[in-house]
Amino acid sequence: MNDPALASMHPTELRATMARMNLSTQTELAKTIGVDRSTVSLWLDGRIGVPRPVAKLLRILSDAETGPSYPGCPDCPARHSVHDVACRARQ
């Protein structure tokens, strides 16, 4: 699987995504995506993985609000604007 948008989501990435979306509680995230709060708790604790479709949805929602994030890019800040095609091409 080469597309990082299709990967599962680690609890650390889930917390960062929640922060980018200005969701400060498990309940807020649960209501936003239509799952139970206890499910979000399991994801954040790492006891069960975030399903790939949910991870992709969260990345899409987060990118829509903040612009995509490209971790590990040595030349740019952690968060890029949507039009930063040159940096995306280096990934």
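The numbering of the sequence shown is our numbering, which starts it at 47 and goes up by one.
Note that CB positions come from ideal geometry on N, CA and C, so glycine has one too.
Bear in mind that the values here come from a model prediction, so they are computed numbers and not experimental data.
{"Check": "So the alpha helix (DSSP H) S84 belongs to, where does it begin and stop?", "Outcome": "83-91"}
{"Check": "For M64, which of helix, strand or coil comes out of DSSP?", "Outcome": "helix"}
{"Check": "Within 10 angstroms of the Cβ of T71, are there 16 or more other Cβ atoms? Answer buried if so, exposed if not.", "Outcome": "exposed"}
{"Check": "Grab the span of the alpha helix (DSSP H) containing A76 for me, first residue to last.", "Outcome": "72-79"}
{"Check": "For N68, I'd like the list of residues in its chain whose CB is within less than 7 Å of its CB, leaving aside the five on either flank, ordered along the chain.", "Outcome": "none"}
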